[in-house]
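Asker:
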Amino acid sequence: MKFINVLAIDDEMPALRRLVSMVESHPNLSLAGTARSFAEAKEKIMQINADLLLLDIELKDATAFDLLSSIKDVFKGDIIFSTAFDKYALKAFDFHAIDYLLKPYSQERFNTAIERIVKKEQRTDLSQFIELLKKSENSTRTLIVPDGNKNYFLDSDKLYYIVAEGYYANFMLENEKKMIRISLKKLEELLPDNFIRINKSVIINKKFIAELIVHKVTSRIKMHDKNEFLVSAKTVEKLKLKFQ
Numbered sequence: 017m018k019f020i021n022v023l024a025i026d027d028e029m030p031a032l033r034r035l036v037s038m039v040e041s042h043p044n045l046s047l048a049g050t051a052r053s054f055a056e057a058k059e060k061i062m063q064i065n066a067d068l069l070l071l072d073i074e075l076k077d078a079t080a081f082d083l084l085s086s087i088k089d090v091f092k093g094d095i096i097f098s099t100a101f102d103k104y105a106l107k108a109f110d111f112h113a114i115d116y117l118l119k120p121y122s123q124e125r126f127n128t129a130i131e132r133i134v135k136k137e138q139r140t141d142l143s144q145f146i147e148l149l150k151k152s153e154n155s156t157r158t159l160i161v162p163d164g165n166k167n168y169f170l171d172s173d174k175l176y177y178i179v180a181e182g183y184y185a186n187f188m189l190e191n192e193k194k195m196i197r198i199s200l201k202k203l204e205e206l207l208p209d210n211f212i213r214i215n216k217s218v219i220i221n222k223k224f225i226a227e228l229i230v231h232k233v234t235s236r237i238k239m240h241d242k243n244e245f246l247v248s249a250k251t252v253e254k255l256k257l258k259f260q
């Protein structure tokens, strides 16, 4: 993840020094600049490509709300308020602040506020990565399977079949087996057209069907890895349509 560029704004020098020290102590932050007044802060915001404003509310020549109102069409980053007064809390969140730090606060409390931004950035980075992957030349082969806060990237060209097991799905790949917590119903929305659900608990890749042994009532599908699945006459007809 890239560094979060921070502009620290406080009209009191001791408070600003402490804020700068906290920023410099955090591994995900980079100090882009400081300001002590409305005019200086506005000028820096116009000059610096900041991702985050750490902002005292009561400045000598204005309030943080005056500043934010004046730059609303320019600044699109995150805001954390840092103030000695709790009376502004409700108004602060009208400006979609990530957090409201009440002075004096500890490095630990500061880190908790920053962690909210870090997690948001990580989600954004992942979303952008997935979108790029979808647009890549291998997008038709790559199956992205969500599992809680993880995403698995599987090569659908090497996926033989999927078998439901309770709340989980067993993915039988060419050289490995992977168990992921996801329903077959959800998988049907994600899988490409060459995958067919043959019963309540199995989805197969038609590319890896070795044999279809047809009987009057119940037929059998044999896969390339020698595993077999029973299928109904209705499913056999559905399979035949898939191969036309």
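Count along the sequence shown from 1, add 16, and you get the number used in the numbering used here.
Where is the CB? At the ideal position from N, CA and C, for every residue including glycine.
1. Taking a contact to mean a Cβ-Cβ separation below 8 Å, would you say L200 touches I219 in this structure?
2. How long is the line joining the alpha carbons of Y186 and E74, rounded to whole angstroms?
3. Report the three-state DSSP secondary structure of E227 (helix, strand or coil).
4. For D247, I'd like the list of residues in its chain whose CB is within less than 6 Å of its CB, leaving aside the five on either flank, ordered along the chain.
5. In the DSSP assignment, what residue or residues form a beta bridge with L68?
6. Over the uninterrupted beta strand (DSSP E) stretch that includes A180, give me the two end residues.
7. Have a look at L170, V230 and I133 and flag the residue whose alpha-carbon is nearest the alpha-carbon of N21.
8. Which residue marks the beginning of the alpha helix (DSSP H) containing I160, and which one marks its end?
9. Could one say the Cβ of R197 lies closer than 8 Å to chain D's Cβ atoms, at least one of them?
10. Could you tell me the distance, in whole angstroms, from the CA atom of F245 to the CA atom of K194?
11. Does N210 come out as helix, strand or coil in the three-state DSSP assignment?
12. Using the beta-carbon count (16 or more within 10 Å), is F169 buried or exposed?
13. Which of the three DSSP states is assigned to A249 in this structure?
14. A226 to L159, Cα distance in whole Å?
15. Bridge partners for R236 per DSSP, in chain order?
16. Please name the residue or residues paired with A185 in a DSSP beta bridge.
17. Just to confirm before moving on: does the CB-CB distance between H240 and Y176 stay below 8 Å?
18. Just to confirm, is the Cβ distance from F126 to M38 under 8 Å?
Answerer: A quick look at the data gives this:
1. Position 184 of the sequence shown, counted from the first residue, corresponds to residue 200. Position 203 of the sequence shown, counted from the first residue, corresponds to residue 219. Result yes, Cβ atoms of L200 and I219 sit closer than 8 Å.
2. As a first step, residue 186 is located in the sequence shown; it is residue number 170 there, counting from the start. As a first step, residue 74 is located in the sequence shown; it is residue number 58 there, counting from the start. First, the amino acid is wrong: residue 186 is Asn here, not Tyr. Distance between the alpha carbons of N186 and E74 is about 58 Å.
3. Taking the first residue of the sequence shown as 1, we reach residue 227 at position 211. Three-state DSSP puts E227 in a strand.
4. Position 231 of the sequence shown holds residue 247. The residue you asked about is not Asp; residue 247 is Val in the sequence shown. The answer, listed in chain order, is I214, S235 and I237.
5. By one-based count along the sequence shown, residue 68 stands at place 52. Per DSSP, the beta-bridge partners of L68 are V22 and D94.
6. Indexing the sequence shown from 1 puts residue 180 at position 164. L175 to E181 is the extent of the beta strand (DSSP E) around A180.
7. The sequence position of residue 21 within the sequence shown is 5, counting from 1. Comparing Cα positions, the closest option is I133.
8. Position 144 of the sequence shown, counted from the start, is the residue given in the question as residue 160. Per DSSP, I160 belongs to no alpha helix (DSSP H); it is in the beta strand (DSSP E), T158 to D163.
9. In the displayed structure, chain D is absent; only one protein chain is listed.
10. Here residue 245 refers to the residue found at position 229 when the sequence shown is read from its first residue. Here residue 194 refers to the residue found at position 178 when the sequence shown is read from its first residue. Straight-line Cα distance between these residues: approximately 19 Å.
11. Against the sequence shown, residue 210 aligns to sequence position 194. N210: coil per DSSP, three-state reduction.
12. Here residue 169 corresponds to residue number 153 of the sequence shown, with the count starting at 1. The residue is exposed, with fewer than 16 neighbouring Cβ atoms inside 10 Å.
13. Locating residue 249 in the sequence shown gives position 233, where the first residue counts as 1. Reduced to three states, the DSSP call for A249 is helix.
14. Counted from its first residue, the sequence shown places residue 226 at position 210. Counted from its first residue, the sequence shown places residue 159 at position 143. Going from the Cα of A226 to the Cα of L159 covers about 23 Å.
15. Locating residue 236 in the sequence shown gives position 220, where the first residue counts as 1. According to DSSP, R236 bridges with I229 and L246.
16. Position 169 of the sequence shown holds residue 185. A185 is bridged to A180 and I196.
17. Position 224 of the sequence shown, counting from 1, holds the residue named residue 240. Position 160 of the sequence shown, counting from 1, holds the residue named residue 176. Against a cut-off of 8 Å, the Cβ pair of Y176 and H240 comes out as a contact.
18. Taking the first residue of the sequence shown as 1, we reach residue 126 at position 110. Taking the first residue of the sequence shown as 1, we reach residue 38 at position 22. Result yes, Cβ atoms of F126 and M38 sit closer than 8 Å.
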